[in-house]
Amino acid sequence: MNHLTTLFAFTVLASSMTACQSTTSESILPVNNNSSVDKQLKQIIAKHRLTGDAMQGRRTSDIESPQAQLGMRLFFSKSLGGDQDSACVTCHHPALGGGDNLSLSIGVAAERPELLGEGRLVDTNSQLNGVPSVPRNAPTTFNIAAWDEVLFHDGRVESLGKTPAAGGNDQQGIRTPDVAFGLADPLSGDNLVMAQARFPVTSPEEMKGFVHETKSNEEIREYLASRVGDYDENHGGLVVPSYWLKQFQQVYQAPTASAETLITEQNIASLIASYERSQVFTNTPWRRYIEGDKTSLSASAKAGAVLFYTSKQKGGADCVACHRGDFFTDEKFHNIATPQIGNGKGNGADGSADFGRFRETGSETDKYAFRTPTLLNVEVTGPWSHSGAYTELEAMVWHHLDPRDEVTNYDITQLSQPNIANLDKIQANTQPALQKLDADRNAGLAVLQSIDLNDKQVIQLVDFLHTLTDPCVKNRACLAKWIPKENEDPNGHQLDAVDMNGDSL
Ligand code: HEC
Ligand code: HEC
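Shown next as structure tokens:
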């Protein structure tokens, strides 16, 4: 089914209808301040205790701080890639919504390591044979400090205390993939973002590469730290030690301390986290609306907000059942049966499926369940879902309303990224999730409901989602603070990204 065509027709129709009612042709501007929809939204905002500020009461960091500045250098440095061809920013660039604009990420072995976003390809002569091999879509790093319970699509970095607004910083500690489910990792650091930052370097396809593939997680981290600090056993002179050492000495105010004591895997993770936690982008039109500016939302977006927060029984879409609070997530796991594309996580008959949260808990109820994503800035964080199967926001919304229909009619031509694996297995790998959803519905469990909306209502929901964008994330000049100036790394390892036209990102 082609929604876009119908959506377009509807927009035109809706515009002309509204134009008749008012003297202006600008159809979707707010009609009047005292409209009943504003009253409805006032009640909704009060009921859900929304403030518009997802960071309220949370520790974040300042991009101008020495820690965040050095963390930014590390985040953009290929020195942390085992084969020196991939950096954190490879898949989390501020100008690409804090992600990579790809359905499935490409880390190591890219044809052109500097080219990010559309046009980024895996080298056909590499061990990866030209196939995007990272099994999941890269989530945004924007507002990462707002998560309190879990990171990753399957929550494998998890606060054991889950204290509200603590970001994982509480007595109970943080579980990571280095320890068994339910245990605290003594090396996790004191927040979820730092705990997470120690893992990309351990993934062969993301950053570790192939030369050091046999090293254990802790071995590769310590090796990379020693290489950056130039105190590794080979003392290979791969980097200019004075560059990093001087910066670490300044940040830690330890002018005579050695590279061995300062440039450690723990400090590297902590600094990177400091940079990531400075990416606060919450000044959205929706927030302004909550703060009292009734003109910051169009009439259509207001109608979408009402649908978003209204239950199915009362004719709404009940999105708030999962996307709740100012950060638009319950941080819980749900099976909504999005199409499974790509390599998968080694699950199912031939290893191309992804069991999601089940992989961590081993509990059948968690099979095919993924973490509810935040919807802040969702306009710029596509492609959407854990495997990036949807490349239009409208399609992602339609999917929620009738997953079986959308999966059955899933159109692979929407994928602009070439060479994605297992496109012939989408149905086989997604049917079990659909069957589980049906079974859970029949058992009366509180799972995704089937909801009947018309095209106009879906447009309204999408219009509402667009009001969750902080304008800064669409403005390169505003983002400049989070992108280091070119050529400051004397080793040439700073990843200065370009798009497929060769223009700087
Ligand atoms: C090859 C692309 C790639 C690289 C390089 C990469 N990431 Fe990621 N990142 C991903 C993908 C894919 C996921 C989701 C994985 C999952 O959930 O299983 C992810 C998840 C994350 C998350 C969790 C986000 C959330 O909402 O839960 C954070 C934070 C993050 N990465 C930060 C980093 C940092 C820091 C680095 C560098 C040390 C890095 N990434 C390097 C692709 C990448
Ligand atoms: C039952 C819980 C639940 C409900 C209700 C729900 N969602 Fe979701 N939503 C999810 C989960 C889980 C995902 C991620 C699925 C995946 O990764 O495969 C998601 C993904 C999304 C995404 C993609 C975000 C991204 O970054 O990939 C959007 C947009 C979205 N939902 C909007 C909505 C809207 C609009 C509604 C109401 C019509 C809604 N959701 C209702 C659980 C829910």
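Using our numbering, the letters of the sequence shown correspond one by one to residues 72 to 576.
Heads up, the beta-carbon is just placed ideally off N, CA and C, and yes, glycines get one too.
Contacts around residue i, its chain only, beta-carbon distance under 6 angstroms, and the 5 residues preceding and following it disregarded
| i | result |
| --- | --- |
| Ser367 | Pro356, Arg359, Tyr360 |
| Thr452 | Gly168, Gly170, Thr211 |
| Asp241 | Gly232, Thr234 |
| Lys545 | none |
| Phe429 | Asp437, Lys438 |
| Asp567 | Glu557 |
Cα-Cα separation between residue i and residue j, rounded to whole angstroms
| i | j | result |
| --- | --- | --- |
| Leu173 | Pro326 | 42 angstroms |
| Glu185 | Lys403 | 35 angstroms |
| Phe281 | Ser329 | 30 angstroms |
| Gly563 | Lys556 | 13 angstroms |
| Glu97 | Cys390 | Unreliable placement is indicated for Glu97, whose pLDDT of 37 sits below 50; the coordinate value is still reported in the next sentence. The alpha-carbon atoms of Glu97 and Cys390 are separated by roughly 28 angstroms. |
| Gly485 | Ala466 | Per the sequence shown, residue 485 should be read as Gln rather than Gly. The alpha-carbon atoms of Gln485 and Ala466 are separated by roughly 10 angstroms. |
| Gln498 | Glu293 | 42 angstroms |
| Ile334 | Gln127 | 33 angstroms |
| Gly422 | Ala492 | 12 angstroms |
| Glu277 | Thr462 | 22 angstroms |
| Ser106 | Leu532 | 19 angstroms |
| Ala251 | Asp303 | 30 angstroms |
| Gln384 | Leu222 | 33 angstroms |
| Trp469 | Val299 | 47 angstroms |
| Gly152 | Lys113 | 49 angstroms |
| Leu175 | Ala209 | 7 angstroms |
| Leu519 | Val322 | 48 angstroms |
| Gln565 | Lys149 | 6 angstroms |
| Asp437 | Gly363 | 40 angstroms |
| Asn572 | Gln506 | 44 angstroms |
| Asn406 | Asp194 | 34 angstroms |
| Phe319 | Leu187 | 29 angstroms |
| Asp225 | Thr432 | 10 angstroms |
| Ala504 | Arg246 | 27 angstroms |
Secondary structure of residue i, DSSP reduced to three states
| i | result |
| --- | --- |
| Asn196 | coil |
| Val478 | helix |
| Gln488 | coil |
| Leu447 | coil |
| Arg442 | strand |
| Ala466 | helix |
| His471 | helix |
| Arg183 | coil |
| Gly142 | helix |
| Glu304 | coil |
| Trp315 | helix |
| Arg269 | coil |
| Gln506 | helix |
Proximity test, Cβ basis, 8 angstroms: residue i and chain C
| i | result |
| --- | --- |
| Ser575 | Here there is only one protein chain, and chain C is not present. |
Residue i vs residue j beta-carbon contact at 8 angstroms
| i | j | result |
| --- | --- | --- |
| Val228 | Ala266 | yes |
| Gly54 | Trp218 | There is simply no residue 54 to check, as the chain begins at 72 and stops at 576 in what is shown. |
| Thr400 | Pro444 | yes |
| Pro275 | Glu289 | no |
| Asn262 | Ala388 | no |
Nonlocal neighbours in the same chain, by C-beta distance under 7 angstroms from residue i, ignoring five residues either side
| i | result |
| --- | --- |
| Arg129 | Ala216, Ala217, Ala236, Gly238 |
| Phe535 | Ala372, Gly375, Ala376, Phe379 |
| Asp154 | Val179, Gly280, Phe281, Val282 |
| Ala296 | Ile334, Thr335, Glu336, Ile339 |
| Pro248 | Arg227, Phe270 |
| Thr353 | Asp124, Ala125, Met126, Asn214, Leu447, Asp541 |
Inter-residue CB distance, residue i and residue j (contact presumed, cutoff 8 angstroms)
| i | j | result |
| --- | --- | --- |
| Phe147 | Ala158 | 6 angstroms |
| Val264 | Glu347 | 5 angstroms |
| Pro206 | Asp509 | Not really, about 25 angstroms apart at Cβ, beyond 8 angstroms. |
Nonlocal neighbours in the same chain, by C-beta distance under 8 angstroms from residue i, ignoring five residues either side
| i | result |
| --- | --- |
| Phe81 | Low per-residue confidence applies at Phe81: pLDDT is 38, beneath 50, and the placement is therefore not dependable enough to give any value. |
| Leu550 | Pro165, Ala166, Cys543, Val544 |
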